[in-house]
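Following: one structure in structure tokens, then a few remarks.
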Amino acid sequence: MTSDTYQKIYAVVRRIPRGRVLNYGAVAALAKLPGRARQVGYAMHALPAGSAVPWHRVVNAQGGISRRAHPGAELTQQMLLEREGVRFDGRGRLDLARYLWRPK
DNA sequence: TTTATGGCTGTCA
DNA sequence: ATGACAGCCATAA
188 MTSDTYQKIY AVVRRIPRGR VLNYGAVAAL AKLPGRARQV GYAMHALPAG SAVPWHRVVN
248 AQGGISRRAH PGAELTQQML LEREGVRFDG RGRLDLARYL WRPK
């Protein structure tokens, strides 16, 4: 796939520091693709296994894990984040104001 | 080619 | 807080 869009998206996601998260809209914006949040989701879905992209650090705008195609995968994502020190509340959501990565 | 769908988001009721 | 609606556009059929 020769899509520059994906490459930009992956480049952004790959820069997310450990213990931090980014929502789809933010990734799209940082990739110079404002409004394409959905495509970011598709890019994640199309991500080849074994890639160096920390897809689990990408969450939705509510600071939670979106329902994904593969059942149970959202739990895996939450587990990976908790392993990096991200705490989830009783609703399975995290404090965006605190964990959202804000590049300068 | 056209249509339908989707790991979203922001706004309004 | 929750739910409905409407845009964005790449991928699949």
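In our numbering, the protein residues as written are 188 to 291. All residues carry an ideal CB built from backbone N, CA and C; glycine is no exception. Keep in mind that this is a model prediction, so the values were computed, not measured.
Where M266 falls, given that 16 or more other Cβ within 10 Å makes a residue buried: In the first sequence, residue 266 corresponds to position 79, counting from 1. Sixteen is the threshold: since fewer than 16 other Cβ atoms of the shown chains lie within 10 Å of the Cβ of M266, the residue is exposed.
At least 3 beta-carbon pairs within less than 8 Å: the region 229-239 vs the region 262-281: No contact exists between the region 229-239 and the region 262-281.
Beta-carbon contacts of T192 that lie in its chain and below 8 Å, excluding the five residues immediately before and after: As a working note, residue 192 is residue 5 in the first sequence. Apart from sequence neighbours up to five positions away, the residues of its chain that approach T192 with a beta-carbon distance below 8 Å are A218, L220, R223, Q226, A230, ordered along the chain.
R254, DSSP secondary structure in three states: Numbered from its first residue, the first sequence carries residue 254 at position 67. Coil, per DSSP.
CB contact flag (T246, V200, <8 Å): Taking the first residue of the first sequence as 1, we reach residue 246 at position 59. Taking the first residue of the first sequence as 1, we reach residue 200 at position 13. Note that residue 246 is Val in the sequence shown here, rather than Thr. No, these two residues do not count as a Cβ contact at 8 Å.
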